[in-house]
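Sequential numbering from 3 applies to the sequence shown in our numbering.
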Amino acid sequence: MASEKNDDSKIPFAGLLILITVLGGILFYQQPYKTERPVNDQQGKTLIVGDKRVQSRLWQDPFASVKIHKNAEPITSQSQRVAISRQPPSPQGDGSLLNIRKDRDHHNLRSQLSEITKTIGKPKPPFRVLIVVTEGTPFASGTEYRLRHRYAVVSALGEAGYIPEEGEFFRYFWWDRTTLQGKDTCWDESCPPLDVPLEWFIKPNVMANDHLLALWVKDQDLEKKPLASLEDLVAFVKDSVPDAQKNQNYQDSVQSSMSFTVLGPFHSGTLRAMISEALAKPRQGLPSKDAAEGSTAIQFLSYSATASEAVLFEGLNIDKKQCFTEAECWEYMKSLGFDVHRVIGTDEELARELVKELQKRSVDLTNEQDHIALIGEWDTLYGRKLPLTFLEVTKEASDLDLVAKIKNLEDVDWPDWAHRFSYLRGIDGELPQDANASGGKSGSDESDSDSFFKLNKRLERPEGPAQFDYLRRLSLQIKVENQKIREDCLSEMKEESWPTCPGFKAIGILAGDVYDKLLLLQALRKEFPGVIFFTTDLDARLLHPGQYQWTRNLLIASHFGLRLDKTIQDSIPPFRDAYQTSLFLSTLLAIDPDTVCRTASLFSPGACDTSPDKHSFHRAPRVFEVGLTGAYDLSDGTRSIHASRPDFKKGEPVPPIGLRTFLLLGCILLSSWLIYAAMSPKAVLLAVAAGKSPMFWIFLFAVVSLYFWLYMSITNQLKDGEPFVWLEGISVWPTELLRLGAFFLSLLFLCRGYRTLQAKFRQLEAEFNLPPGECSGFFEWKKWMNFCPDFSRGNEAHKNIVPETWRVYMSLMSLQCVGSRIFIQILVFFFLFSFPVFLLIGFPTT
3 MASEKNDDSK IPFAGLLILI TVLGGILFYQ QPYKTERPVN DQQGKTLIVG
53 DKRVQSRLWQ DPFASVKIHK NAEPITSQSQ RVAISRQPPS PQGDGSLLNI
103 RKDRDHHNLR SQLSEITKTI GKPKPPFRVL IVVTEGTPFA SGTEYRLRHR
153 YAVVSALGEA GYIPEEGEFF RYFWWDRTTL QGKDTCWDES CPPLDVPLEW
203 FIKPNVMAND HLLALWVKDQ DLEKKPLASL EDLVAFVKDS VPDAQKNQNY
253 QDSVQSSMSF TVLGPFHSGT LRAMISEALA KPRQGLPSKD AAEGSTAIQF
303 LSYSATASEA VLFEGLNIDK KQCFTEAECW EYMKSLGFDV HRVIGTDEEL
353 ARELVKELQK RSVDLTNEQD HIALIGEWDT LYGRKLPLTF LEVTKEASDL
403 DLVAKIKNLE DVDWPDWAHR FSYLRGIDGE LPQDANASGG KSGSDESDSD
453 SFFKLNKRLE RPEGPAQFDY LRRLSLQIKV ENQKIREDCL SEMKEESWPT
503 CPGFKAIGIL AGDVYDKLLL LQALRKEFPG VIFFTTDLDA RLLHPGQYQW
553 TRNLLIASHF GLRLDKTIQD SIPPFRDAYQ TSLFLSTLLA IDPDTVCRTA
603 SLFSPGACDT SPDKHSFHRA PRVFEVGLTG AYDLSDGTRS IHASRPDFKK
653 GEPVPPIGLR TFLLLGCILL SSWLIYAAMS PKAVLLAVAA GKSPMFWIFL
703 FAVVSLYFWL YMSITNQLKD GEPFVWLEGI SVWPTELLRL GAFFLSLLFL
753 CRGYRTLQAK FRQLEAEFNL PPGECSGFFE WKKWMNFCPD FSRGNEAHKN
803 IVPETWRVYM SLMSLQCVGS RIFIQILVFF FLFSFPVFLL IGFPTT
């Protein structure tokens, strides 16, 4: 008895699949880093506090370090904490009360500078003073900003060749603000002194040491009149030059070579207040362009204030002749003594990039048909004006003058397709020194033994500082508005029209607090799964793997990425947010704008020669989409000061030479195969189905070459199109290539099935001596359109009923007839089912 063949495969596919899954998890799992550094529980008791220096690492919050240092210092009487006076020393000598107070004060600027000069020598011209204006709020976000800002400034100084006086210590001084009393500058009329951290950096070289003094000021400490406060701080620093009274020539030499650069302000509201101050200053005669020149000039580099000029100058008394355009207006402000260079762009530029990206995704905001929701915080200038700026950009009025833009901003009329929603910043209700806050949850909820109500009691209670219950109701409000939009759309549809009412097509979260953005995304993602979400300002907290389920495919328009081009940011790792990158660049520009501009001119030749402002070379905003492993840059491939896209080589999508050769050979073979297929298509298909050499390998190589040809054709057109990435979840091309592969495999399997079926037919014909059957003609529709032939009809007395039936059957099963029937069925199915579905939900887009 013949043994039966065992057709079961010997390959354990199930085990291999499990093994591949486990190996993939091991290879792609990102294990969190763990430190082995021991924790010193007595660290707070061993701080060095007796030598005027503050113990701190270079990445720590300087103000938090000063606070810890002051708490660790011996408590002295209030009379001993007297700031240094600006008056010259008394002629009575060391016996005066003023000198006694000076000796008792450990942290006055003059004594600090004297200590520094004893260590590193007297500063030689040029002498730079860098004033960094940072966030001053006591909340967690403010602390994080200060950590990031110090890291960015120190990194930029290190990249430029500067080294700190000491790596683990810095100093601080008391800023005496008595000269501001009675000028309506401070909220407290007494204008109490402030702690100002200072860091001394040196750039050693062969000829002489280049000195730089970095001062840290909180944005909120500038109070009512920030411009006057900073000018007072500059005057205070100039008056505190060491040995000023002993050597007037030395003082004049240092003061004349001192250059003051302010990195700030941090908030757009503070910048607007400075503009108002500059415009309100008494003017003597006509403004002069050289008014800001001289040793006392202060240069401002704005690294985080992104409000547009229309927002900044709204409601202020400006002259249209002097401020017809934004550039002319800043030149006018410079003539008034307020020299500002905007290193970072404006919200208007970000809004314009978002509108362009939404148009690529079939959300056209200019046709007034697609509805969007804009969610913003209304307790800040940034949150109130950003939705208005976004709305104005959709009107395509970029060629208007500044006065016209301001008028449009003041007389804004919200259209029906734009829906505004607002909230108060700080949804989680976290306050300083409130780490144990439960966000409104009662402590008895966890110990409640009633399991039936246990899940309900874990929901947000409508009480306490947390606003989670407001967030839930806001989500419900947006959902109700979305349903109302759909109902109104359906009611306006004509009977002969197909209903296309998707509701909100995009939702913009235009907020400044990243934690609020994450909470809003968490609340809205599940409610609107098919809606495009977009926001501004790239931040690494949006890219954390734990937040991916909320932030996936989030569109982010940002002025900077997390790093710059390697010619500018080489050894420094990517930063945590776009503002940190902006501050890094601003610091480099403050130190040496010519070098940075020349580096940037490598991307746009002649930029430094044609533009007198070396701080304002071209740097267009970027658009990112959150993928599986981080933010993917969707911007065009033009090389600039930003880091190049990872899929572009040197900024241009040009394939390497080896791949070009491979593609050329593949195209030649593909052309040869097509020519041969045109001569004998049936023979080629049968040879491919049979897997015969060399025809099978020619076909396989041609298909692979076609894949590479499609890949390179797509890549070469990606400047403004869809990127080609495999595993990020942001590109449509992998799906399309999989579909193309499925199409080729389907053809291959159909050919193989057809060959097998034909072999069975030949076997039956040989076994029963049946005549071969062929389709007599393509246009004989009665044959190939006969889906259910009745073989019982005909002449019953006919003796050749079996051969005739076989001939008809073979005629209907021929390649031409089967293909014609399948094509007709697909065509009917598409128009009856697929096309109506596309009309209902819209045609698929990228």
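Don't be surprised by glycine CBs; every beta carbon is placed ideally from N, CA and C.
- Bounds of the alpha helix (DSSP H) holding A282 are S270 to A282.
- With a minimum length of 3 residues, there is no unbroken run of beta strand (DSSP E) contained wholly in the segment 726-765.
- Around the beta carbon of G317, fewer than 16 other beta carbons sit within 10 angstroms, so the residue counts as exposed.
- Where P199 is concerned, there is no enclosing alpha helix (DSSP H), although the beta strand (DSSP E) around it starts and stops at L196 to K205.
- Nearest to L411 by C-alpha distance, out of L314, E483 and K762, is L314.
- When the Cα atoms are used, E370 and R422 turn out to be separated by approximately 15 Å.
- Rounded to the nearest whole angstrom, the C-alpha separation of S310 and L224 is 22 Å.
- Here D596 is exposed. Its C-beta has fewer than 16 other C-beta atoms within 10 Å.
- Boundaries of the alpha helix (DSSP H) harbouring F825: L817 to F831, taken from the DSSP string.
- DSSP places T537 in the uninterrupted beta strand (DSSP E) bounded by I534 to T538.
- Under the three-state reduction of DSSP output, S143 falls in the helix class.
- Here A508 really is in contact with F536; their C-beta atoms are around 6 Å apart, less than 8 Å.
- Following the DSSP letters along the chain, one finds A559 inside the beta strand (DSSP E) bounded by residues L557 to S560.
- For E627, the pairing in a beta bridge is given by DSSP as L557 and Y634.
- The beta carbons of G505 and R488 sit closer together than 9 Å.
- By the neighbour-count criterion, in which a residue is buried when 16 or more other Cβ atoms sit within 10 angstroms of its Cβ, E769 is exposed.
- Take S278, set aside five residues on each side of it, and the residues of its chain with a beta-carbon closer than 8 Å to its own are L318, in chain order.
- In the DSSP annotation of this structure, the continuous segment of the alpha helix (DSSP H) that includes T583 starts and ends at A580 to I593.
- 9 Å or more divides the Cβ of E359 from the Cβ of V395.
- Exclusion of the five residues before and after S424 leaves I377, G378, E379, W380 and G385 as the residues of its chain whose Cβ lies within less than 8 Å of its Cβ.
- Within the DSSP secondary-structure output, I377 pairs in a beta bridge with F423 and I511.
- Of all C-beta pairs linking the segment 537-555 to the segment 622-637, three or more are shorter than 8 Å, placing the two stretches in contact.
- Going by beta carbons, V135 and K220 fall inside the 9 Å limit.
- In this structure, DSSP gives T23 a helical state, which the three-state scheme calls helix.
- In terms of Cα proximity to L544, the closest of F840, L520 and A525 is L520.
- Contact annotation: F238 and L200 have beta-carbon atoms that are not nearer than 9 Å.
- Under DSSP, F175 shares a beta bridge with V198.
- Taken in chain order, the whole alpha helix (DSSP H) runs of length 4 or more contained in the segment 297-378 are 311-314, 328-337 and 349-362.
- The Cβ atoms of E355 and A622 lie closer than 9 Å to each other.
- With respect to the C-alpha of G347, the residue from L402, L404 and S270 having the closest C-alpha is S270.
- Rounded to the nearest whole angstrom, the C-alpha separation of K336 and L229 is 13 Å.
- The three-state secondary structure of S646, taken from DSSP, is coil.
- For S261, no alpha helix (DSSP H) encloses it; the enclosing beta strand (DSSP E) starts and ends at M260 to L265.
- Annotation for A353: T391, F392 and V395 place their beta carbon closer than 7 Å to its own, counting only its chain and skipping 5 residues before and after.
- Counting only the Cα atoms, R757 lies some 14 Å from M812.
- Put simply, the backbone Cα of I828 is about 27 Å away from that of R809.
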